[in-house]
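From first to last, the protein sequence lines are chains A and B. In terms of the working numbering, the first sequence has 34 at position 34, counting the first letter as 1, and numbering is strictly consecutive. Add 106 to the 1-based position in the second sequence for the working numbering, that's all there is to it. Backbone N, C-alpha and C fix where the C-beta goes; we use that ideal spot for every residue, glycine too. One structure below.
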Amino acid sequence: GIQVEQSPPDLILQEGANSTLRCNFSDSVNNLQWFHQNPWGQLINLFYIPSGTKQNGRLSATTVATERYSLLYISSSQTTDSGVYFCAVYGNKLVFGAGTILRVKS
Amino acid sequence: KAGVTQTPRYLIKTRGQQVTLSCSPISGHRSVSWYQQTPGQGLQFLFEYFSETQRNKGNFPGRFSGRQFSNSRSEMNVSTLELGDSALYLCASSAGEGYGYTFGSGTRLTVV
């Protein structure tokens, strides 16, 4: 089945810093999403981005489907950005990476 | 538009019992899928339903089952609970191919 690898596994930032999270996947996919899991466990959809680039405020994402990777950029990080970020891809089912734990310090 | 609603939010069950979890998708969404999240195994796919038909199933024992009703609401059932079934169970709905998935708040199941 499809393998999804996320890096880095852990990231500690000072408030105001920028960061890049990476997602590599092993096969062609029909769908790629980035999620932020809040402290209560809910997965919040950040981007649906099977290809191309999208931006939403301080967050942006780029997927290069032909090279099988996606990047999530967080600019001017805030403490509320802390949490776990997941990449998930859909071949015939939704497969998640192990996540990146982000801690933003004030 | 109401989001994906999962009930109950928290549940404590005894080993050997069975449990039923419920998921109401976003209005108009016909695809519902279920996931188990544990610290050791991460987020794992359980099954996906579309228009009352199971479209795909993950690698879980037969104790895990699900169904979808004509109004797209879905339930999953776990029989003969084991301690290892303690997890956060997440449900997601989608409008179909070409659309993303929206997740509910989850049901946190503790088996004692």
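With DSSP as the reference, please indicate the residues paired to A:K54 in a beta bridge. A:A61
Test item: CB-CB of A:T79 and A:S106 under 8 Å: yes
Closer than 9 Å by beta-carbon distance: list the chain B residues that pair up with A:N30, in chain order. E203 and G204
Contacting residues, own chain, Cβ-Cβ under 6 Å from A:R22 (five flanking each side not counted): S7 and L71
What separation, rounded to the nearest whole angstrom, lies between the Cα atoms of A:S75 and A:T20? 9 Å
What's the C-alpha gap between B:L189 and B:S128? 21 Å
Give a yes or no on whether the minimum CB-CB distance between A:K93 and chain B is below 8 Å. yes
Along the chain, where does the beta strand (DSSP E) that runs through B:E181 open and close? S180 to V184
Here's the rule I'm using: 16 or more other beta-carbon atoms within 10 Å means buried, otherwise exposed. How should B:S180 be labelled? buried
Using a cut-off of 7 Å between C-beta atoms, extract the partners of A:Y85 located in chain B. What A:Y85 touches in chain B: nothing, since even the nearest Cβ is about 12 Å away.
Quick check on the DSSP output: what are the complete beta strand (DSSP E) runs of length 3 or more inside the stretch 64 to 89 of chain A, in order along the chain? 69 to 74
Closer than 8 Å by beta-carbon distance: list the chain A residues that pair up with B:S211, in chain order. W40, G41 and Q42
Please return the same chain residues whose Cβ sits closer than 6 Å to the Cβ of B:Y207, not counting the five positions on each side in sequence. A198 and S200
Using the beta-carbon of each residue, which ones in chain A are nearer than 7 Å to B:S139? L94
Determine the DSSP secondary structure at A:L43, reduced to helix, strand or coil. strand
Please report the straight-line C-alpha distance between B:R121 and A:S60, rounded to a whole angstrom. 45 Å
Find out if the Cβ-Cβ distance for the pair A:N24, A:Y69 is shorter than 8 Å. yes
Residues of chain A with a CB under 9 Å from the CB of B:L127: which are they? Within chain A, no residue comes near B:L127; the closest Cβ sits about 14 Å away, beyond 9 Å.
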